[in-house]
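Here's the structure, in structure tokens; my notes come after.
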Amino acid sequence: MSLDFKLLKTAGFWRSAWEEALKNSLWAKRTKDSSDFWNKIALTYGQERQTKEKDRLEAVMEILETQGILNKDSVVLDIGSGPGVYALRMAPKVKQVVALDSAEKMIEVLEEKAKEAGLPNITTVVLPWEEVDLEKMGWSGYFDLVFASITPAIRNPETFLKMLAASRKYCCLIEFAGGYHNPVFAELWKLIFKEAYPGGGFEVIYPLNFLLALGYLPSLRFIDDFWEEEKPAEEAIESLCASFGRYTDVTPEIKQIISDYIQKQSKDGIYHQKVSHHLGVILWEVNKKRIYPVGRQPDNWGQRG
């Protein structure tokens, strides 16, 4: 099969490739709104992310600070903020952080933590990113930094381009490099659905190359991310049931499959899990592009007006 390598330089190619990857991904198999899932795990998720991923969070903050992106005049939009793992770290360094998430309970956790930390400059919005009307909300080209970290809110070219349209200076997107690998979830997927695990569909290669084809000059830094946890087996079972509840109705039979698997993997009623993967941190200026010779402009499909 031959490939026209000129296509690799076009935004249309990478847009299509991204959309095709999503069609065959875990995301495409979701049958329910995931807000209920995130609401259920809000308290636990907030506690875990404050500890397990400390090194990763500090590495990302270092990238933003050394580039001078976070300062006392900065207004930041955190898309898919969750319980505020980044918003809470950015707030002391900037003028304002707008934290947006579709899960009300996640925002409630963030608001409580902001109150405890004495951070009145965090504004919260409960709304899915795809439902945000930038013009009506006054967000078009409004933010100094638009930030999103491994969130399904930025899942396709449309939601990604909206991210660019909300910024007047910088954007930062953190995504899996090489995919997200959770062997436990993958093995359970095979047992429950009798098919191979389809993969998450979120991969740094698509937004990175889409940006390059549009003429932007993104920087890319890779971060190794590792975490492990121990919890009672029953908690692990309930957590996995909630995760699979995004894809199917968790029947007693499915819960039994999950229970049997976790019990076999547990010792003295305690389940231990390790997960490791790589992340790509993409950072770029929305008003800075390559200069092309006359007649060699890039494909402008998807460019901001």
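In my numbering, the protein residues as written are -2 to 302. Glycine included, C-beta positions come from ideal geometry on N, C-alpha and C.
- Under the criterion of beta carbons closer than 8 angstroms, Phe182 and Val73 do not qualify as touching, at roughly 32 angstroms.
- Residue state for Tyr203 is assigned as helix, using DSSP reduced to three classes.
- Ranked by Cα distance from Ala162, the options Gly175, Trp186 and Leu131 are led by Leu131.
- By a beta-carbon distance limit of 8 angstroms, Leu116 contacts Leu85. Their separation comes to about 7 angstroms.
- For Arg218 and Asp141, the gap between their C-alpha atoms comes out near 21 angstroms.
- Of the residues assessed, Met103 falls on the buried side of the cut-off, its CB having 16 or more other CB atoms within 10 angstroms.
- By a beta-carbon distance limit of 8 angstroms, Val201 does not contact Glu232. Their separation comes to about 31 angstroms.
- Linking Leu170 to Leu4 through their CA atoms gives a straight-line distance of about 24 angstroms.
- Straight across, the Cα-Cα distance linking Trp126 with Val95 is about 13 angstroms.
- DSSP lists His269 as the beta-bridge partner residues of Glu227.
- Assigned with DSSP and collapsed to three states, Gly212 falls in coil, not helix or strand.
- Annotation: Lys252 to Thr120 spans about 39 angstroms, alpha carbon to alpha carbon.
- The distance from the Cβ of Gln270 to that of Glu235 is about 14 angstroms, inconsistent with a contact at the 8 angstroms cut-off.
- In chain order, Trp11, Ala14, Trp15 and Ala18 place their CB closer than 7 angstroms to the CB of Tyr203, counting only its own chain and leaving out the 5 sequence neighbours on each side.
- Using a 10 angstroms sphere on the CB of Pro229, the tally of other CB atoms stays under 16, which defines it as exposed.
- Taking the CA atoms as reference points, Asn206 sits about 38 angstroms from Ile255.
- A Cβ-Cβ separation of about 43 angstroms leaves Ile267 out of contact with Pro215 under the 8 angstroms criterion.
- Tyr244 and Lys69 have their C-alpha atoms roughly 43 angstroms apart.
- Under the three-state reduction of DSSP, Thr63 is assigned to helix.
- Classified as exposed, Phe2 has fewer than 16 neighbouring CB atoms from the shown chains inside 10 Å of its CB.
- DSSP places Lys20 in the uninterrupted alpha helix (DSSP H) bounded by Ala8 to Lys20.
- Put simply, of Gln93, Gly9 and Thr63 the residue whose alpha carbon is nearest the alpha carbon of Ser71 is Gln93.
- With a 10 Å radius around the Cβ and a threshold of 16 neighbouring Cβ atoms, Asp221 comes out exposed.
- Rounded to the nearest angstrom, the Cβ distance from Phe223 to Ser273 is 4 angstroms, consistent with a contact under 8 angstroms.
- For Lys90 and Leu237, the gap between their C-alpha atoms comes out near 37 angstroms.
- For the 9 angstroms CB-CB criterion, Thr148 and Gly77 form a contact.
- Taking the C-beta atoms as reference points, Gly277 is found nearer than 9 angstroms to Ala174.
- Rounded to whole angstroms, the separation of the alpha carbons of Leu188 and Asp52 is 34 angstroms.
- Between Trp281 and Ile259, the alpha-carbon positions lie close to 42 angstroms from each other.
- For Leu142, there is no enclosing alpha helix (DSSP H); the residue is found in the beta strand (DSSP E) stretching over Phe140 to Ser146.
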